[in-house]
Structure formats: structure tokens, C-alpha cells
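Peer 1: Every position in the sequence shown, counted from 1, becomes a number in the numbering used here once 62 is added.
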Amino acid sequence: MFLTSLRHLRHVFRSAIEARKLLPFAFILMLAFLVVLAWEGFSSTKELLNSQTYVEHTHEVLHEMDGVEDGLQDAREAWLHYVLTPEKLDLDNFEAAVEQIWSRLQGVESKIQDDPQAVQSIKQLRGWINDELLQLRANLRTQHTLLIFHSHDTDYRRDRVRDAIQKFKDDQERLLRQRNQAAQERAQQITRSVLSRIGLFSLLMGVLFLLVLGESKKLRVAEQSALLAQTRLEGSLLQLQSETENSKLLNDLQADLQICANSSEAARVAAAYLQRLVPTSSGTVFEIDAQHRQMNARAVWGNEDRAGKMYSTEDCCAVRGGRVHSHLEESRGLACRHFAKDAPPVYICFPLSALGETLSLLHVNVPHPSAFSASRLSLIQQVGEYTALRLANLKLRDKLQDQSVRDPLTGLYNRRFLETTLEEVLRHSGENGPGTGIIMADLDGFKLFNDTFGHDAGDHVLREVGKVFRRSVRSEDVVCRYGGEEFLMVVPDSSPESVCERAELMRSAIGSLELEHAGRPLGKITASFGISFSEDGSLTSEVLLRHADEALYIAKRSGCDCVRLSESFSTLLDAAREAKEQGALARAARAGAEDSITTLRPKTAIKRA
Numbered sequence: 063m064f065l066t067s068l069r070h071l072r073h074v075f076r077s078a079i080e081a082r083k084l085l086p087f088a089f090i091l092m093l094a095f096l097v098v099l100a101w102e103g104f105s106s107t108k109e110l111l112n113s114q115t116y117v118e119h120t121h122e123v124l125h126e127m128d129g130v131e132d133g134l135q136d137a138r139e140a141w142l143h144y145v146l147t148p149e150k151l152d153l154d155n156f157e158a159a160v161e162q163i164w165s166r167l168q169g170v171e172s173k174i175q176d177d178p179q180a181v182q183s184i185k186q187l188r189g190w191i192n193d194e195l196l197q198l199r200a201n202l203r204t205q206h207t208l209l210i211f212h213s214h215d216t217d218y219r220r221d222r223v224r225d226a227i228q229k230f231k232d233d234q235e236r237l238l239r240q241r242n243q244a245a246q247e248r249a250q251q252i253t254r255s256v257l258s259r260i261g262l263f264s265l266l267m268g269v270l271f272l273l274v275l276g277e278s279k280k281l282r283v284a285e286q287s288a289l290l291a292q293t294r295l296e297g298s299l300l301q302l303q304s305e306t307e308n309s310k311l312l313n314d315l316q317a318d319l320q321i322c323a324n325s326s327e328a329a330r331v332a333a334a335y336l337q338r339l340v341p342t343s344s345g346t347v348f349e350i351d352a353q354h355r356q357m358n359a360r361a362v363w364g365n366e367d368r369a370g371k372m373y374s375t376e377d378c379c380a381v382r383g384g385r386v387h388s389h390l391e392e393s394r395g396l397a398c399r400h401f402a403k404d405a406p407p408v409y410i411c412f413p414l415s416a417l418g419e420t421l422s423l424l425h426v427n428v429p430h431p432s433a434f435s436a437s438r439l440s441l442i443q444q445v446g447e448y449t450a451l452r453l454a455n456l457k458l459r460d461k462l463q464d465q466s467v468r469d470p471l472t473g474l475y476n477r478r479f480l481e482t483t484l485e486e487v488l489r490h491s492g493e494n495g496p497g498t499g500i501i502m503a504d505l506d507g508f509k510l511f512n513d514t515f516g517h518d519a520g521d522h523v524l525r526e527v528g529k530v531f532r533r534s535v536r537s538e539d540v541v542c543r544y545g546g547e548e549f550l551m552v553v554p555d556s557s558p559e560s561v562c563e564r565a566e567l568m569r570s571a572i573g574s575l576e577l578e579h580a581g582r583p584l585g586k587i588t589a590s591f592g593i594s595f596s597e598d599g600s601l602t603s604e605v606l607l608r609h610a611d612e613a614l615y616i617a618k619r620s621g622c623d624c625v626r627l628s629e630s631f632s633t634l635l636d637a638a639r640e641a642k643e644q645g646a647l648a649r650a651a652r653a654g655a656e657d658s659i660t661t662l663r664p665k666t667a668i669k670r671a
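Have a look at this one:
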């Protein structure tokens, strides 16, 4: 039994010795495992950082390409401004925009050397941009502005460059999405790898806890660092994604603003994009009338309910100060007054200014100040700037269009406008209305008047006579200065009698004018009138104008200061009078018959009784 116990003790002692011999090997194995794990963690982190570098690189390429696109837009706008109103500042702006284009394009080329396809696309784009800029430079030295603006070559080059830039940006955005996806997949692989090694390491740590306790702590630190790096990378990817979405939203805004036909449409587009940008917000886009110092609510979104309402410009602190007015705390002092009820606790007012004029106002209110982050306020400002630029362009277009169809002396429509609208008025009147009248007026003895009182006095008379005509017609009537001292009125949807009455009223109003110029009475002013009329739209504009001119000639030969009708108009008027007389006789006959029936009714009742 002793021998048995001795043998057992010897076996335990030998096992202990063998275990002590195995511990160094196990420790070395653990160290090797840790080294491999650390190396793989370092490599994986480096790969993630490289992925982030590629993503940032692609984003920089897109940013440079946006700069190229902005430069092209600035060059086109400077070219268009110079064509419309030639100024040296526009040429300087054009050259600055061209310098920006080549600088940004060179920046793009320096960043895509590792992509042969992109290099080829940029090379082709450079040639197309050069063609367009050469065409714009050539157009700056010509005087045929209308031909330039509507040139097929100019539109073709602009569209070709725009499409090439958009295709390049689409390719880069697709590459950006691929790199983002690859980075996310690699991050998932790293996560799975780290978790598997943690499990194996935990198993070994349970067996050799006393030897590898210190190493386990280092492993946990490495794990936390890897997770932190992964979290930061995911945050960077989300930020890049948000910036890309915001950039696309601004590009869509610009595209929608470009197709707006008037300021109301532009206001509605801006309101829709602001609602997308700040979903929890409400707001209003005001149109500012600087002449009357009024603000008109053109578009609203959210909980706002004041579409079409008018306010004074003094009600808004932003308009008064000419800068952004933010009200982020309820206890803050000065607040705006353009609200139906109490002012909201958190809001901003952003005046939209372009070309030195405040055109509109953006008002945005939110339930909490956290919705107005720095990045979001920057985007709101960009939306306002794009909207202001489009409003300025629309206002300039309307001004130029109005100048092209208005007589500068009297403010009436000119002959060019008459020629473009008379056919449309006749066609509409022939389809739907009773008829269209043409009234041609000519001031009597105006050449002698100019010789006697001077051309300044003559211009004064023309202006006052134009005011008489504007006061004497309806809103749908067209009054134009036909040439010199001749005026022409188009009276749609009217009867022959009403046209004659309107001409007599105008003749009487002109005859009752008592005008003075430079303290000198100008005497009695008279005018002769000739009228033609189209009842069913069968007469063309040329025939109507010729008939009115013949009637005016008859009025001149009849002693002036009178109204004369064309032969066709006299026939229509006589027919209308005859129809009216027959209608009166018929009504009288019906009235007599009704009286007879009324007289007979009591007798019939008595007979029946």
C-alpha cells in the first residue's frame, strides 16, 4: 500500500513537472496568437482608413466638378449680362469664371490619374468646354444679340458640356457608392473576425488565466479601439452621405427654378424644398413690393395659413436691417410682426437680395432650436440665394419684355404688340364672343400744334391723351399708340352700339381737356375717330385696320372732332337697330296680349261660377 501511494505521488509530481514544461510553450503560443491578432487588427484598420481616403478623394473630385459647373454657369450669366447690357464688369466676371473653370478642371485631372476612363472623359470634356468658351468669346464681339441667344450652336455646346459634366458626376457618385459599400462590407468582416478571435482568446484565457491575464487586458483595449475606429468611420460615411444628398437636393432645386415661368412658381418651388430640408418646419415665402413697401405671402408650407395676405415691410426685422434675423429664444427682445397670431418662439427670416435689391423674404419657424443646426442654416441660406438669383432673372426678363411691347412716352402698348395680339383676339372673338371693334383715333391738327407750342408740349398732350384712353376702356381692351399722334383701341367681346358709345365718350373726354405746359394754356384738344367692326371673326386684321383707317379719313374730311363708321360697321349697326326695334315691337305686342288675357280672366271665372 505504501508502494502504491509512493507510485501515485511520483505520478502526480511527474505530471506537475510536465505541466510546468508545457506552460512556456502555451505562453509562447498565446504570444504568437496575440501578435497575429494585433497585426490583423492593424491591417484591417489601415484598410478602413484607406477606404475612407478613397471616399474622401471621390468626394473631392465631385466638389471640384461642382466648381467647374458653377464656373460655367457664372461664365454663361456674365456672357448673357454682357449681351443684354454691355459692361466691362461683365467681361471681367467672364474671364474670372473662365479662370475658375480651368483651375477646377485641372484639380479634377490631378485627382483621377489612376482612372483611365475618367481621364479620357475629362479630356473630352475639356475640349467641349473649350469649344463653348471660344463660342461665347466670339459671341461677345458681335452685335446680333438675338441670334446669339437663340443660336443652335450655342445651345448645342452648352447642352453637350452640361450632359458631359452630369455623366462624369454620375460616374463618380456611382464609384463613391461602390467604395462606401466595400468599406461597409470590410467593416463587417473585421467585426466578425474580431468576435471569433475574442471567443478563442476567452477559451485560452480560461485555461491559462494566470499567465495571460495581462494580455487579455491589452486585447480588450485593442477591441475598444477597433470599435471606436469603426464607429468614427461609420459616422464619417453617414456625414458624406448626408452631404451628397444635400448637394443633389440643391442641384434639383436649381433645375426646378430654371423652369419657373414667374415669381409665384419660384416661390412655391422654394417652399417645397425648404419643407423637404426641414420636415418639422413651417414657413412662408413673401414677395416684396419695394415701391409700396408691402410684403405679399406667395407660398406657405406646414401650419402656416396666410397665403395671399399683405404685410408692411416694417413688420419684418430682417427687411428693415437688410440681413438675416434669427429668433432662437422666446425671451429674446425684438420680434417680427408679420404673423396672424403671436410670434412663434423659434424662427428665422432671411431676405432674398440680388443685384442690390431685396426681392423676397424667407420665413422659417420650427418647434425647437435644435432643428436649426449650422449645416442646415447654411443649406437654407443656399436655397435662398438660388431663389433670389432666379427671381432677379425673372424680374429682368419681365422688364425687358415690357419694354419691348410698351411705348416709352405714353406707357401704352406699341404697334408691335398690336400686330402679335390682334389675330389672336379676332380668332377668340369669332369662336366665343359677339364681336370685336377697332377704334382708330388721330389728334386733329397735331403737326400745327407742335409747330406752335413745341415738341415738349406735344409730348405732354400725347401722355395726357393716353391717360384718357386708359381710363375709358376695360381691362380686357387693348390700347396702343399706333404711330405719331395716332392711337388704336381693340375692343373684344362687345356690341356695335357699345363700341360707338365708347368712342363718343373718348372724343368728349379729349375735347374737355384743359392742358397747360410751362404755365402756358395749350387750347382745345380734339380728336377724330374711325370705327370698324368684325361680328363673326370673318374679317382679317388687315381688312379691319383698313376699314378703320378709311372711316378715320372720312371723319377728317367731315371737319374733325367726330366719330365716323366704316361701311361694313354702318350696315351692322343698322341691322342691330332694326333688330332692336323689331324686338321692342314684339315685346309690346306680347305685353298687349297679356293685358287682354288679364282683362278676360274675371269674366271667365264668373261664367264658370
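For each residue, glycine too, the CB sits at the ideal point set by N, CA and C. Keep in mind the model is a prediction, meaning the values are calculated, not measured.
1. Whole beta strand (DSSP E) runs in the stretch 380-464 with 3 or more residues, listed along the chain?
2. Strictly by DSSP, which residues pair up with W363?
3. Enumerate in chain order the residues of its own chain whose CB-to-CB distance from D193 is below 7 Å, with the five nearest sequence positions on each side excluded.
4. Just reading off the alpha helix (DSSP H) that L601 is part of, what are its end residues?
5. Is it buried or exposed for A380, if we count other Cβ within 10 angstroms and need 16 for buried?
6. By how many angstroms is the C-alpha of D598 removed from the C-alpha of E538?
7. Just the C-alpha distance for G473 and V540, rounded to the nearest angstrom, thanks.
8. Short check: CB of F595 to CB of V561, under 8 Å?
9. Under a Cβ-count criterion, where at least 16 other Cβ atoms within 10 Å of its own Cβ denotes burial, should G383 be classed as buried or exposed?
10. Residues in the same chain with beta-carbon distance under 7 Å from K231, minus the five sequence neighbours each way, listed in chain order, please.
11. Which term fits E157, buried or exposed, when burial requires 16 or more other beta carbons within 10 angstroms of its beta carbon?
12. Assuming I500 is part of the beta strand (DSSP E), what are its boundary residues?
13. Ends of the alpha helix (DSSP H) at A621?
14. With distances taken from CA atoms, which of F348, H522 and Q353 is nearest R360?
15. In chain order, what residues of the same chain lie with their CB nearer than 6 Å to the CB of R525, ignoring the 5 residues before and after it?
16. Under 8 Å between the Cβ atoms of V553 and I501?
17. Can you give the Cα-Cα distance for S612 and A503, rounded to whole angstroms?
18. Which residue spans inside the stretch 159-227 form an unbroken alpha helix (DSSP H) run of at least 4?
19. Give me, in chain order, the residues of the same chain whose beta-carbon lies closer than 8 Å to that of L153; leave out the 5 immediate sequence neighbours on both sides.
20. Reducing DSSP to helix, strand and coil, say where Q303 ends up.
21. Quick one: give me the first and last residue of the alpha helix (DSSP H) that A571 is part of.
22. Could you give the DSSP three-state label for A589: helix, strand or coil?
23. Note the first and the last residue of the continuous beta strand (DSSP E) segment covering V541.
24. Are the stretch 156-172 and the stretch 185-199 touching, with three or more C-beta to C-beta distances below 8 Å?
25. When you compare the CB positions of L339 and L441, do they come within less than 8 Å of one another, or not?
26. Determine whether the beta carbon atoms of L480 and L423 lie at a separation below 8 Å.
27. Taking the Cβ atom as the reference point for each residue, do C378 and Y475 lie within a distance shorter than 8 Å?
28. Starting from S537, trace the alpha helix (DSSP H) both ways and give me its first and last residue.
29. Buried or exposed for E366, going by 16 or more other Cβ atoms inside 10 Å?
30. Have a look at R582, K461, Q463 and R477 and flag the residue whose alpha-carbon is nearest the alpha-carbon of F515.
Peer 2: With the structure as the only source:
1. 387-389, 409-416 and 419-427
2. G345
3. R219
4. Looking at the DSSP string, L601 is not in any alpha helix (DSSP H), and its letter there is neither H nor E.
5. buried
6. 19 Å
7. 12 Å
8. yes
9. exposed
10. L124 and M127
11. exposed
12. T498 to L505
13. In the sequence under discussion, the amino acid at residue 621 is Gly, which differs from the Ala named in the question. Per DSSP, G621 belongs to no alpha helix (DSSP H) and is neither H nor E.
14. F348
15. T472
16. yes
17. The sequence shown places Glu at residue 612, not Ser. So the two alpha carbons sit approximately 12 Å from each other.
18. 178-202 and 207-211
19. A140, Y144 and L202
20. helix
21. P558 to G573
22. strand
23. V540 to G545
24. yes
25. yes
26. no
27. no
28. Element bounds for S537: n/a, residue is neither H nor E.
29. buried
30. R582
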